[in-house]
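Everything on this sheet refers to the single structure shown next.
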Amino acid sequence: MNFSFYKNLSTNYLFLFFLFLGLLISFTRCVKIQDLIAPTIEEFALNEQYNITDTIFLDVNLFDNFVIESTTINIKSLEGTSSLDTTLVISSDSIKARSLNLIDYPIYIPADAILGEYKLTITVTDGIKEENNTEDPNITTTEKFFAVNGDIEKPNFYFPNVILPDIDGVSQSPACQLQVLIVQGVATDNVGLREIRAQLIGQNSGTVYLTIREIFAAPNEPNSVDLQDFFDDNLTIPTNVPNGNLILKLIAIDIEGHEYSVTDTILVDCDRIHPDIIELTTNRSSSNNEIQVIQGQELFITGGLVTDNQELDSIFIYLDDDSDSATPTSTDTLIARKIDGLSFNLTELDSISVLPLVPRLGIGFYKIRMEVVDAVGNRTTQIFNIRININLPPTPTVNNIYIDNIEFEDFRASNSNTPIPILAASIIEILIKIEEDVALLNYKITWKVDGSTREPSLIQENNNINRLPFNTTREDAAIIRVDDYTPNVGTRYVLTVAATDTFNQTTQVTYYFIVVQ
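Taking my numbering, the leading residue of the sequence shown gets 4, the next gets one more, and so forth.
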């Protein structure tokens, strides 16, 4: 086989390949590549109308196959020269990309812009520029039209109506102080409400008695506001409003400052009827128009009613000293309580205790002053005379004595020197009775040999009794077994009954006994 032939052939082919490659490179370097594709502007939506102070956002995408050189946004009024006329150039230094969205380039409509038609032009130029190239760059342009309408409409109130709500089913017309006004209706505006205000103004005096105001912060200005929800229960006639016509003025202001107001006239004919205090009674006796109370006793109201034509508010009970004076030198508040409704039963009040006041006030004549106030401040006062009597010490006595199961009826009074005869083996039953004004604390029954220095024997004791009067029966009588004390004939014994009340006042009585044959 002739290998040299094949070797010469392969060398010739290789030479032809490199020759062709060199010619191709030389040809391509001599021919310029031209960008024949223009930039693209995607279709986008533009509002047909804008209001002054609005912002125009252009959500539009731009593309080029190589690079976007520049973009121009031009806005021109068709009505004349306007402060909105704008030419915004976005150069390649800030772009340097094949795509661009104009959402990041918003355009603000000034408040003084001319109203009317405008033309928006977007121009996009690509970035291919060869040396000695005299042809224009690729340019794409689109145009759209829009209108700027200034906010020329004022806010409005639809179906405004003022209602005076009933209280406990009773009509409250005409109105009165502390009356809640329910305002129905809707406040609206085409671009947004900046402020809503309500004022209560005296028709004759022009005095502004109440202002309720709220400013809505941007960008949350509502287009409509329900007035009943907005005012709730806050629109209340103040207590210093006199009788007569009262003007309710509703004011709405939109975000452009346009103001609109409506008024309504409300007749205020305030409640001048004072509450009534009817048939007050207590648990204490009364004589000569005086309630008799003993030191430490509690005073209960057992009956009575207070009423009002509209709404009760509160009740107060005071104890005034120096009752002969028109102005008491000292007043103690016994009860202060909120009440409501058209009537109130006085038996629902707590007891009126004068016990804490006795150490300062002492025994004597005072006045209890009851004051009832209704919801608009009408006040009714009723005076009750009260006499505080001294709390006497308890009075213990031996009510009965049984000796060896036989009732002994002929015993002597306390402190008698005539002793009661008993046998050495007698069993003595002592029944006592204790009288007390307020409350008994305790009693003791003791027994001892007369003249002895030894401590007496405690026969019976009862503590924290807290009731009156107090009596013992044979079931709970004090029992004394004389033979427990080794008696001798002629021995004298002393029986002592001591009682103490809750004022720590103590009284005691003594009885004497003698052992006989």
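The beta carbon of each residue, even a glycine, is placed where N, CA and C say it ideally should be.
What is the DSSP secondary structure of residue i, counted as helix, strand or coil?
i, result
"residue 522", "Summary: the structure shown does not reach residue 522, with the chain confined to residues 4 through 520, and so no result is reported for it."
"residue 349", "helix"
"residue 485", "helix"
"residue 59", "strand"
"residue 1", "What is shown of the chain runs 4 to 520, which leaves residue 1 out entirely."
"residue 39", "coil"
"residue 262", "strand"
"residue 106", "helix"
"residue 478", "helix"
"residue 323", "strand"
"residue 44", "strand"
"residue 144", "strand"
"residue 367", "strand"
"residue 112", "coil"
Return the chain-ordered list of same chain residues with a C-beta closer than 6 angstroms to the C-beta of residue i, the five sequence neighbours on each side being excluded.
i, result
"residue 493", "none"
"residue 511", "499, 501"
"residue 400", "436"
"residue 416", "A caution first: residue 416 carries a pLDDT of 49, below 50, which makes its placement in the model unreliable, though a value can still be read off. Nothing meets the Cβ criterion."
"residue 386", "370, 372"
"residue 503", "444, 445, 509"
"residue 68", "40"
"residue 213", "203, 241"
"residue 3", "Examination of residue 3 is not possible in this model, given that the chain is present from 4 through 520 alone."
Between which two residues does the alpha helix (DSSP H) containing residue i stretch?
i, result
"residue 234", "230-234"
Indicate whether at least one CB of chain B lies closer than 8 angstroms to the CB of residue i.
i, result
"residue 166", "No chain B appears in the structure shown, which is made up of a single protein chain."
Pull up the distance between the alpha-carbon of residue i and that of residue j, whole angstroms please.
i, j, result
"residue 281", "residue 367", "27 angstroms"
"residue 479", "residue 429", "18 angstroms"
"residue 273", "residue 230", "26 angstroms"
"residue 162", "residue 264", "13 angstroms"
"residue 105", "residue 125", "10 angstroms"
"residue 476", "residue 519", "27 angstroms"
"residue 85", "residue 245", "55 angstroms"
"residue 424", "residue 516", "6 angstroms"
"residue 409", "residue 490", "21 angstroms"
"residue 314", "residue 227", "36 angstroms"
"residue 381", "residue 321", "18 angstroms"
"residue 220", "residue 198", "9 angstroms"
"residue 464", "residue 481", "9 angstroms"
"residue 335", "residue 323", "7 angstroms"
"residue 62", "residue 189", "36 angstroms"
"residue 43", "residue 100", "13 angstroms"
"residue 249", "residue 390", "50 angstroms"
"residue 269", "residue 186", "12 angstroms"
"residue 120", "residue 255", "30 angstroms"
"residue 70", "residue 58", "29 angstroms"
"residue 103", "residue 158", "41 angstroms"
"residue 307", "residue 284", "6 angstroms"
"residue 456", "residue 488", "15 angstroms"
May I ask which residues mark the beginning and end of the beta strand (DSSP E) holding residue i?
i, result
"residue 153", "Element bounds for residue 153: n/a, residue is neither H nor E."
"residue 516", "509-518"
"residue 447", "443-452"
"residue 66", "64-66"
"residue 92", "89-93"
"residue 257", "247-257"
"residue 497", "495-504"
"residue 337", "334-341"
"residue 123", "119-129"
"residue 163", "159-166"
"residue 240", "Counting along the chain, residue 240 falls outside any beta strand (DSSP E), and DSSP gives it neither H nor E."
"residue 78", "71-80"
"residue 54", "52-54"
"residue 465", "460-466"
Excluding five sequence neighbours on each side, which residues of the same chain lie with their C-beta closer than 8 angstroms to the C-beta of residue i?
i, result
"residue 454", "495"
"residue 289", "295"
"residue 402", "434, 435, 436, 474, 475"
"residue 459", "449, 450, 451, 497, 499"
"residue 88", "78, 79, 80"
Can you name, in chain order, every residue of its own chain whose Cβ lies under 7 angstroms from the Cβ of residue i, other than the five neighbours on each side?
i, result
"residue 505", "299, 441, 442, 444"
"residue 176", "167"
"residue 33", "Residue placement at residue 33 is flagged as unreliable, the pLDDT there being 48, under the threshold of 50; the coordinate-derived value follows with that caveat. Contacts found: none."
"residue 447", "461, 464, 501"
In chain order, which alpha helix (DSSP H) runs of at least 4 residues are fully inside the segment 371-436? none
What residue ranges within the segment 175-236 form continuous beta strand (DSSP E) runs of no fewer than 3 residues, ordered along the chain? 185-191, 196-205, 211-218, 227-229
Restricting to runs no shorter than 3 residues, where is the beta strand (DSSP E) found entirely within the segment 269-318? 279-285, 293-297, 304-310
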